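Engineer:
What follows is the structure, given as structure tokens:
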């Protein structure tokens, strides 16, 4: 089966992402090699950043030992060293596990590889409004240190196993357990007692395991292995509204708006709702704009909730050059007002003045076609001057929404 067919199979056999299911050979050998290199880069960038206790958990012999992160600063991964070899230098012969969140905030390459891998699934299942995010597990920790557990409500999990060691998953898709409220109960001591009632899923390098949010599960990793997990987050209506409210708070609605200032509330006013009615239309407009922008950011970023990392070392070459877009990261345009538009690319928002031919340029790039810079100039000039054309290309290159070839 092709990768698209395998994702179709998982989607159907999991009953539209409601039941545990695994598929083999989703990741290719070169993809797994490149992903391990990305993980090593991420570790080094994390250590360079210096915020050593954010987003990482370290377990040794099933006990949380986050103080060992300081040891990682002294013993960094070396060039041409595998991540397993580096782990051996840190932890020796102890059983250990390292969990690290939000990988896409440290490495655009990992984000691009993984988004290309899951793109057929996203097209089939849809974009979750809470976005997607990636984390990794590494180690030889045996059974998952935090016990038989379930994910946060609405947070579906896809584990991509990179090997080299085998990983065995155990899931309990049992109504009695599914009904237990999230974040209220984890099973540690009951492991041996509960294993006979579980379903076993054996994962080899390249396999993917899907676990829906309501299902209890645990994995057993006897030998060293590396896995990347995708969180596919469907927020509750309440949480989404709170997120949109935060985004509204961070947006400037004062420009080009004639504000109506409200009179102070009088102590004698007993019916505040009647005396000071809220402008429901204005509130709804703000929420709708915030929602639309959120969806376009997600669509431009293949579902990733975190925007791409800006790479300010990217520079435009001298002379003639060619551009190519990335099909997995399509670019979108939204009119802001008569004087400005928003370009959504890799989860970023870029403000520009309108250009009637910009959609033609975006269409070429979204198709993954090669676009000579001279052709781009012909499209966009004279409505934009040369500086503005170069500015757009520079903005898109820095966020790695397009590439120079």
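Residue numbers (our numbering): 1 to 405. No residue lacks a Cβ here, since even glycine has one placed at the ideal position from N, Cα and C. If you're wondering where the values come from, they're calculated on a predicted model, not measured in any experiment.
By Cβ distance below 7 angstroms, which residues in the same chain neighbour residue 40 in space, the five residues on each side in sequence not counted?
Structural biologist: Here residue 40 is taken as the residue at index 40 of the chain shown, counted from 1. Same-chain partners within the cutoff: 77, 83.
Engineer: Based on DSSP bridge pairs, tell me the residues matched to residue 172.
Structural biologist: Along the chain shown, one-based indexing puts residue 172 at 172. Its beta-bridge partners are 216.
Engineer: In the DSSP assignment, what residue or residues form a beta bridge with residue 335?
Structural biologist: In the chain shown, counting from the first residue as 1, residue 335 sits at position 335. According to DSSP, residue 335 bridges with 341.
Engineer: Mind the definition here: the segment 136 to 145 touches the segment 197 to 205 only if three or more C-beta pairs lie below 8 angstroms; say whether that holds.
Structural biologist: Result no; under three Cβ-Cβ pairs closer than 8 angstroms.
Engineer: Does the distance from the C-beta atom of residue 244 to that of residue 290 stay below 7 angstroms?
Structural biologist: By 1-based counting over the chain shown, the position of residue 244 is 244. By 1-based counting over the chain shown, the position of residue 290 is 290. Yes; because the gap between Cβ atoms is below 7 angstroms, this pair is in contact.
Engineer: Pull up the DSSP beta-bridge partners for residue 128, would you.
Structural biologist: Numbered from 1 along the chain shown, position 128 holds the residue referred to as residue 128. Bridge partners of residue 128: none, in fact.
Engineer: Using a Cβ distance threshold of 8 angstroms, determine whether the segment 210 to 218 contacts the segment 161 to 178, with at least three qualifying pairs required.
Structural biologist: In short, these stretches touch, since the Cβ pair count reaches three.
Engineer: Applying the 10 Å Cβ sphere with the 16-neighbour rule, what's the burial state of residue 58?
Structural biologist: Here residue 58 refers to the residue found at position 58 when the chain shown is read from its first residue. By the 10 Å Cβ count, residue 58 comes out buried.
Engineer: Check whether the segment 65 to 76 touches the segment 148 to 168, counting contact only when three or more Cβ pairs, one atom from each stretch, lie closer than 8 angstroms.
Structural biologist: Contact fails: fewer than three Cβ-Cβ distances are below 8 angstroms.
Engineer: Could you pull out every unbroken beta strand (DSSP E) segment of at least 3 residues lying fully inside the segment 6 to 33, listed in chain order?
Structural biologist: Complete beta strand (DSSP E) runs here, min 3: 21 to 23.
Engineer: Compute the Euclidean distance between the alpha carbons of residue 43 and residue 109, then round it to the nearest angstrom.
Structural biologist: Here residue 43 is taken as the residue at index 43 of the chain shown, counted from 1. Here residue 109 is taken as the residue at index 109 of the chain shown, counted from 1. If I take the Cα positions, the gap works out to 14 angstroms.
Engineer: Is there contact here, the segment 45 to 63 with the segment 111 to 129, by at least three beta-carbon pairs under 8 angstroms?
Structural biologist: Flag = no, the segment 45 to 63 and the segment 111 to 129 do not touch.
Engineer: So, using beta-carbon positions, are residue 399 and residue 348 closer together than 7 angstroms?
Structural biologist: Here residue 399 corresponds to residue number 399 of the chain shown, with the count starting at 1. Here residue 348 corresponds to residue number 348 of the chain shown, with the count starting at 1. In this structure, residue 348 lies closer than 7 angstroms to residue 399 by Cβ.
Engineer: Pull the bridge partners of residue 98 from the DSSP assignment, please.
Structural biologist: By one-based count along the chain shown, residue 98 stands at place 98. DSSP output for residue 98 lists 58, 138 as bridge partner(s).
Engineer: Out of curiosity, what's the CA-to-CA distance linking residue 99 and residue 3?
Structural biologist: As a working note, residue 99 is residue 99 in the chain shown. As a working note, residue 3 is residue 3 in the chain shown. Whole-angstrom Cα-Cα distance: 27 angstroms.
Engineer: Using DSSP with H/G/I as helix, E/B as strand and the rest coil, what is residue 238?
Structural biologist: Residue numbering aside, residue 238 sits at position 238 when the chain shown is read from its first letter. Residue 238 falls in the helix class under three-state DSSP.
Engineer: By Cβ distance, which residues of its chain are closer than 7 angstroms to residue 25, with the 5 residues on each side in sequence left out?
Structural biologist: Here the question's residue 25 lines up with position 25 in the chain shown. For residue 25, where only same-chain residues beyond five positions count, the Cβ hits under 7 angstroms are 206.
Engineer: Rounded to whole angstroms, what's the CA-CA distance from residue 183 to residue 233? Just pull it up for me.
Structural biologist: Start at 1 with the first residue of the chain shown, and residue 183 comes out as number 183. Start at 1 with the first residue of the chain shown, and residue 233 comes out as number 233. Approximately 16 angstroms, taken between the alpha carbons.
Engineer: With distances taken Cα to Cα, identify the nearest neighbour of residue 360 among 164, 378, 403, 213.
Structural biologist: As a first step, residue 360 must be located in the chain shown, where it is residue number 360. Checked all of 164, 378, 403, 213; the closest Cα to residue 360 is 378.
Engineer: On the three-state DSSP scale, how would you describe residue 372?
Structural biologist: For the purposes of this step, residue 372 is taken as the residue at position 372 of the chain shown. Residue state, collapsed to three classes: strand.
Engineer: Going by C-alpha to C-alpha distance, which of 298, 322, 340, 137 sits closest to residue 126?
Structural biologist: Residue mapping note: residue 126 aligns to position 126 of the chain shown, counting from 1. The shortest Cα separation from residue 126 among 298, 322, 340, 137 belongs to 298.
Engineer: Using the Cα positions of residue 45 and residue 11, report the straight-line distance between them to the nearest angstrom.
Structural biologist: Counted from its first residue, the chain shown places residue 45 at position 45. Counted from its first residue, the chain shown places residue 11 at position 11. Distance between the alpha carbons of residue 45 and residue 11: 35 angstroms.
Engineer: With distances taken from CA atoms, which of 286, 225, 395 is nearest residue 351?
Structural biologist: Within the chain shown, residue 351 is the residue found at index 351, counting from 1. For the residues 286, 225, 395, the minimum Cα distance to residue 351 belongs to 395.
Engineer: Output the boundary residues of the alpha helix (DSSP H) element that contains residue 391.
Structural biologist: Position 391 of the chain shown holds residue 391. Here the alpha helix (DSSP H) through residue 391 covers 386 to 398.
Engineer: First and last residue of the alpha helix (DSSP H) that includes residue 87?
Structural biologist: By 1-based counting over the chain shown, the position of residue 87 is 87. Its alpha helix (DSSP H) spans residues 83 to 91.
Engineer: Could you tell me the distance, in whole angstroms, from the CA atom of residue 158 to the CA atom of residue 38?
Structural biologist: Residue mapping note: residue 158 aligns to position 158 of the chain shown, counting from 1. Residue mapping note: residue 38 aligns to position 38 of the chain shown, counting from 1. Rounded to the nearest angstrom, the two C-alpha atoms are 19 angstroms apart.
Engineer: If you run the structure through DSSP and keep just helix, strand and coil, what is residue 184?
Structural biologist: As a working mapping, residue 184 is identified with position 184 in the chain shown. Three-state result, residue 184: coil.
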